[in-house]
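Heads up: the protein sequence lines correspond to chains X and Y, in order. My numbering puts the first residue of the first sequence at 31, with every later residue one more than the last. My numbering puts the first residue of the second sequence at 28, with every later residue one more than the last. A short worksheet on the structure shown next.
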Amino acid sequence: MMIPFGHALAFAAVLFVLGLTCVLLRRQILMILIGVEIMLNAASLVFVAASAYWQQVDGQIFSIMLMAITAAEVAVALAMVVYLWRRKRTLIADDFNGMRG
Amino acid sequence: MASLLFYILGFIMLAATLLCITRRNPVHAVIYLVVSFFALALMFYLLGAPLVAAFEVIVYAGAIMVLFLFIIMMLGLAPQETPEGPGWQRWLPLALLSASLMICTLLLILQDPAAGKPIGEFYLAPQVVGEALFGRYALAVEVVSFQLLFATIGAYMLGRPLPKGEDS
Chain X
31 MMIPFGHALA
41 FAAVLFVLGL
51 TCVLLRRQIL
61 MILIGVEIML
71 NAASLVFVAA
81 SAYWQQVDGQ
91 IFSIMLMAIT
101 AAEVAVALAM
111 VVYLWRRKRT
121 LIADDFNGMR
131 G
Chain Y
28 MASLLFYILG
38 FIMLAATLLC
48 ITRRNPVHAV
58 IYLVVSFFAL
68 ALMFYLLGAP
78 LVAAFEVIVY
88 AGAIMVLFLF
98 IIMMLGLAPQ
108 ETPEGPGWQR
118 WLPLALLSAS
128 LMICTLLLIL
138 QDPAAGKPIG
148 EFYLAPQVVG
158 EALFGRYALA
168 VEVVSFQLLF
178 ATIGAYMLGR
188 PLPKGEDS
């Protein structure tokens with residue numbers, strides 16, 4: 031691999047901004063979650079590229095930890111999606127604008 | 028050859044992600060995201076991380092995306108019910124903000140002296156990763172297992188039937 035370190039970081043940065051754009055622009059809750067997934071993958075790419083750049087194992091370990099944390103996050107988030115769907119029969123984030131104690 | 032492959036995979040990944048975030052139908056978005064994850068897994072392999080590449084395919088594309096598809100199909104989300112984001116005038120400022128953030132980040136990355144140095148030849152066998160994971164990082168593995176347990180309990184709590192009168 032003779033690519034510069036900066037190019038791997040640049041790919042990760044563009045991927046992260048695409049995920050951020052998805053979170054900011056989309057109104058459907060599932061698409062917002064997909065944007066979060068994209069951002070986590072960009073972080074994972076940074077970890078693996080840094081692991082290769084410094085020739086250390088730690089980056090890959092953190093990448094694997096990130097995957098486990100993502101799996102936990104997705105389990106809770108999708109349970110919330112099902113809960114919200116049962117409450118209001120919609121998944122558009124703008125429709126959830128009420129609070130009740 | 029490997030570096031050319033890296034750039035091709037990177038552009039496949041970015042194109043698939045761009046298509047993913049602009050789809051109206053969530054099923055199509057998830058399928059494009061799976062393509063993006065496959066390209067990312069091959070990039071991980073080229074960066075000397077075969078174990079992470081395998082986990083990317085198994086955990087992300089195989090489990091998490093299937094979970095998304097399962098939820099979409101269970102709720103029966105039709106494309107008609109999922110209007111796209113706000114109109115052009117409303118999301119143009121956000122898009123400009125994201126684009127300027129991306130340009131600033133790219134400039135910041137590429138002006139750094141370390142950015143020009145090439146990534147050397149590197150390959151980490153799964154055995155080495157496993158030994159580090161269950162040796163030096165064994166405590167972290169335990170903490171993550173607790174987190175998965177908490178997530179299971181949380182998902183169970185949220186999945187209980189709603190009390191009377193709170194249904195829509």
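C-beta: ideal position from N, C-alpha, C; glycine also.
Report the option in Y:Gly89, Y:Ala126, Y:Leu74, Y:Met100 whose CA atom is closest to the CA atom of Y:Gly147. On the second sequence, residue 147 of chain Y is found 120 positions in, with the first residue counted as 1. Residue Y:Leu74 is the option with its Cα nearest to Y:Gly147.
Please tell me whether X:Ala109 and Y:Gly186 are closer than 8 Å, where the distance is taken between their beta carbons. Taking the first residue of the first sequence as position 1, residue 109 of chain X is located at position 79. Taking the first residue of the second sequence as position 1, residue 186 of chain Y is located at position 159. The answer is yes: Cβ separation under 8 Å.
Beta-bridge pairing of X:Ile122 - partner residues as DSSP gives them: Your numbering for residue 122 of chain X matches position 92 in the first sequence. Here X:Ile122 is bridged, per DSSP, to X:Gln58.
Quick check: what's the CA-CA separation for Y:Met76 versus Y:Tyr150? The sequence position of residue 76 of chain Y within the second sequence is 49, counting from 1. The sequence position of residue 150 of chain Y within the second sequence is 123, counting from 1. Rather than Met, the amino acid found at residue 76 of chain Y in this sequence is Ala. Their Cα atoms are separated by approximately 7 Å.
What in chain Y is Cβ-close to X:Val171, meaning under 7 Å? Residue 171 of chain X cannot be examined here, being either before or after the span of chain X that is shown, 31 to 131.
Step through the CB atoms of chain Y and report whether any lies within less than 8 Å of the CB of X:Met129. Your numbering for residue 129 of chain X matches position 99 in the first sequence. With 8 Å as the cut-off, X:Met129 does not count as an interface residue toward chain Y.
Under the three-state DSSP convention, the category X:Pro34 falls into: The sequence position of residue 34 of chain X within the first sequence is 4, counting from 1. DSSP places X:Pro34 in strand when its eight states are reduced to three.
My assumption, with CB atoms under 8 Å, is that X:Gln90 sits in contact with X:Val78. Please give the rounded CB distance. Here residue 90 of chain X refers to the residue found at position 60 of the first sequence. Here residue 78 of chain X refers to the residue found at position 48 of the first sequence. That pair is a contact at about 6 Å.
Closer than 8 Å to chain Y by CB, X:Ile62: The residue you call residue 62 of chain X lines up with position 32 of the first sequence. Not one chain Y Cβ lies under 8 Å of X:Ile62.
Proximal chain Y residues relative to X:Val106, where beta-carbon distance stays under 8 Å: For the purposes of this step, residue 106 of chain X is taken as the residue at position 76 of the first sequence. Per Cβ cutoff of 8 Å: Ala178, Gly181, Ala182, Leu185.
Y:Pro188 (DSSP reduced to helix, strand or coil): Reading the second sequence from its first residue, position 161 is the one you call residue 188 of chain Y. Coil.
Under 8 Å between C-beta atoms, does X:Met32 make it to chain Y? Here residue 32 of chain X corresponds to residue number 2 of the first sequence, with the count starting at 1. For X:Met32, the answer is yes, since a Cβ of chain Y falls inside 8 Å of its Cβ.
When the distance is taken between beta carbons, is Y:Ala80 closer than 8 Å to Y:Tyr59? Reading the second sequence from its first residue, position 32 is the one you call residue 59 of chain Y. Reading the second sequence from its first residue, position 53 is the one you call residue 80 of chain Y. No, the pair does not count as a contact, with Cβ atoms beyond the cut-off.
According to a CB-to-CB cut-off of less than 7 Å, which residues of the segment 39-50 of chain X neighbour chain Y? Leu39, Ala40, Phe41, Ala43, Val44, Leu45, Val47, Leu48, Leu50
Since Y:Ile130 contacts X:Cys52 with CB under 8 Å, what's their CB separation in whole angstroms? As a working note, residue 130 of chain Y is residue 103 in the second sequence. As a working note, residue 52 of chain X is residue 22 in the first sequence. With 8 Å as the limit, Y:Ile130 and X:Cys52 do not qualify as a contact, their Cβ atoms being about 18 Å apart.
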